[in-house]
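These notes are about the structure you will find just below.
And the structure:
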């Protein structure tokens, strides 16, 4: 009985070390050195090579190291087995760190102040609205979106959220559905996307949506923060919107293609902050502990936690 | 009966307009065009020219436009009159915005990621500790310090505070006095100073203090955030400490001399963020409303609020 680490574009070493430290006797295989495929009962995956999971005859459970599982669902030969995503409070805290940091960075105009610093210029910029004058809108009100909303509200921002189905969060104005989206965008100065990647959300962060953001806000223009999934955004539209004023600035942690190709104009755009999909980094020890605990519980006949609904895609 | 606006190094125009808009009949004078000095009952000041306040025979109350009043107390001929400082929730919110932004910026290593972005490098840096692994220490537990502590704790940081006399804030470890300072510094990865400028605090942010910060923290080294008063810091020591590793990075909003001279090495140091004393910007309308309300209450015989204790200096 073995566990297979099946990663592409990510080094498996630290995961292997951590799993071995937590459970000495565990038979750990690292793709592509899988050994006897019949031994493998569990797989820990990130962007798995398509078809590999289907080649494992005794596989029982697939574990994603992240909260998002589009990286797994893109395997067209994915076997019909439970797919467990990683959910823990640490991941939520990390995402809210990133969201609050990026929202504050733009609200406080730190890109502008950074330029002034480089020119040794001591100067205050106007407007410099307080958090209570800035309307943040969070797309996606799952565990991550809800926590981000609450922390942004604690900092003083005017926060609203949007989700496909209506949610209720004390102190947060909640919008839903297509009708709600228009009203939500029209009152939003800084848009934060934490939506999962599904056929419905793909490409929705596009020119048409940017044009519907608030045009009368206290900042020089609307801001986009995408810390969810890159396939939601149309990068050519982001660049155009930054040019025509539909967007003033953007913080992007995710991209249509990752790693972001070095030819992308986003890298050097003066009003764009690029980070390497590290907004919410899974703590490796936490992921490994979580996976081993779920395997042990499953072996005892207990139900798995956070199994993905393959119909919804998250 | 007139109000005198007495500013140096700050334009009075927006204040004059706002006061006039709020109270049409008000006789507003702007230094140095004071008119008949006997008319002046109230002064609204920022770094007042020494001796001017003493030359006003009928002055009753001095209003500082900021929370700090060292800019006023440095007038050695300051008359013995009530000095009122500006305290409002907006100012507190603004300061906590700045503190949370700077702490998150360093915890999330945004200066490093910014460099990587400029080089079009897609790379994760290690370590990148979560907020729950980073110990923030706030010097000063007045209204501003307390709010900053609570917001940092809500973001997940391990927060402690230090003040001259012992304070008690739920959920925050509070240190006090000289003995407490040693223990406070030894457990601090990111030090935030919000202390007032007094003879006791002048120059305390120096090489000796930096060397007492935690040397075993989760970041590459200790970080200084000074959003309080510039006269607390020894800038030559900050530059040395950044060189010898006693400090890893700094965010400075205040300086020994303001505006920061263009010859200062802080402007271009790659691990220093310089902002132009705008961490907590007084909202001009809020300041003016506050002053007019206090004048009206005082005229009705009610006590003034937030009068400075000249013995303590704040």
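Chains as they are written, first to last, in my numbering: chain H, 1 to 314; chain B, 1001 to 1314. Here a beta-carbon is modelled for each residue, glycine too, at the ideal position from N, C-alpha and C. Quick caveat, the model's predicted, so the values are computed rather than measured.
Where does residue i land, buried or exposed, given buried means 16+ other C-beta within 10 angstroms?
i	result
residue 1006 (chain B)	buried
residue 93 (chain H)	buried
residue 1076 (chain B)	exposed
residue 1243 (chain B)	exposed
residue 201 (chain H)	buried
residue 21 (chain H)	exposed
residue 188 (chain H)	buried
residue 1033 (chain B)	exposed
residue 80 (chain H)	exposed
residue 1058 (chain B)	exposed
residue 1264 (chain B)	buried
residue 85 (chain H)	buried
residue 71 (chain H)	buried
residue 300 (chain H)	exposed
residue 97 (chain H)	buried
residue 110 (chain H)	buried
residue 280 (chain H)	buried
residue 1230 (chain B)	buried
residue 177 (chain H)	exposed
residue 156 (chain H)	buried
Looking only at C-alpha atoms, which of the options sits nearest to residue i?
i	options	result
residue 1099 (chain B)	B:1157, B:1211, B:1225, B:1032	B:1225
residue 1124 (chain B)	H:295, H:140, H:276	H:276
residue 221 (chain H)	H:136, H:63, H:311	H:136
residue 1024 (chain B)	B:1003, B:1139, B:1188	B:1003
residue 1262 (chain B)	H:73, H:116, H:307	H:116
residue 1009 (chain B)	H:122, H:307, H:166	H:122
residue 207 (chain H)	H:82, H:131, H:238, H:290	H:238
residue 1090 (chain B)	B:1267, B:1282, B:1307	B:1282
residue 1314 (chain B)	B:1195, B:1176, B:1048, B:1168	B:1195
residue 1113 (chain B)	H:268, H:311, H:292, H:293	H:268
residue 44 (chain H)	H:291, H:167, H:180	H:291
residue 140 (chain H)	H:304, H:118, H:110, H:95	H:95
residue 1049 (chain B)	B:1035, B:1037, B:1272, B:1031	B:1031
residue 148 (chain H)	H:193, H:231, H:278	H:193
residue 306 (chain H)	H:258, H:69, H:78	H:69
residue 219 (chain H)	H:241, H:266, H:130, H:143	H:130
residue 118 (chain H)	B:1168, B:1266, B:1278, B:1304	B:1266
residue 1168 (chain B)	B:1142, B:1295, B:1154, B:1026	B:1142
Rounded to whole angstroms, what is the Cα-Cα separation between residue i and residue j?
i	j	result
residue 1203 (chain B)	residue 1066 (chain B)	21 Å
residue 170 (chain H)	residue 228 (chain H)	23 Å
residue 128 (chain H)	residue 108 (chain H)	6 Å
residue 42 (chain H)	residue 1183 (chain B)	47 Å
residue 1309 (chain B)	residue 1053 (chain B)	18 Å
residue 1014 (chain B)	residue 1284 (chain B)	7 Å
residue 146 (chain H)	residue 234 (chain H)	25 Å
residue 163 (chain H)	residue 1012 (chain B)	47 Å
residue 1152 (chain B)	residue 105 (chain H)	16 Å
residue 134 (chain H)	residue 252 (chain H)	20 Å
residue 1126 (chain B)	residue 1028 (chain B)	58 Å
residue 1215 (chain B)	residue 1246 (chain B)	8 Å
residue 1223 (chain B)	residue 1217 (chain B)	10 Å
residue 1160 (chain B)	residue 1173 (chain B)	5 Å
residue 1056 (chain B)	residue 1063 (chain B)	14 Å
residue 302 (chain H)	residue 60 (chain H)	14 Å
residue 1198 (chain B)	residue 1312 (chain B)	8 Å
residue 47 (chain H)	residue 39 (chain H)	22 Å
residue 236 (chain H)	residue 256 (chain H)	10 Å
residue 293 (chain H)	residue 254 (chain H)	30 Å
residue 212 (chain H)	residue 248 (chain H)	14 Å
residue 17 (chain H)	residue 273 (chain H)	33 Å
residue 37 (chain H)	residue 73 (chain H)	21 Å
residue 1185 (chain B)	residue 1250 (chain B)	16 Å
residue 1205 (chain B)	residue 1232 (chain B)	6 Å
residue 1210 (chain B)	residue 1191 (chain B)	9 Å
Spell out the partners DSSP gives residue i in its beta bridges.
i	result
residue 1040 (chain B)	B:1002
residue 1157 (chain B)	In the DSSP output, where bridge partners are listed per residue, residue 1157 (chain B) has none listed.
residue 1027 (chain B)	B:1002
residue 1174 (chain B)	B:1161
residue 249 (chain H)	H:223
residue 33 (chain H)	H:30
Against residue i, what residues of chain A qualify as contacts under a CB-to-CB distance less than 8 Å, listed in chain order?
i	result
residue 1124 (chain B)	Within the model displayed, chain A is absent; protein chains H and B are what it includes.
Return the Cβ separation of residue i and residue j in integer angstroms, given the expectation that the two are a contact with Cβ distance under 8 Å.
i	j	result
residue 1132 (chain B)	residue 1158 (chain B)	7 Å
residue 1288 (chain B)	residue 1083 (chain B)	Contact flag wrong, Cβ pair sits at about 18 Å.
residue 1297 (chain B)	residue 1088 (chain B)	15 Å between Cβ atoms; not a contact.
residue 1154 (chain B)	residue 241 (chain H)	Contact doesn't hold; Cβ gap of about 33 Å is too wide.
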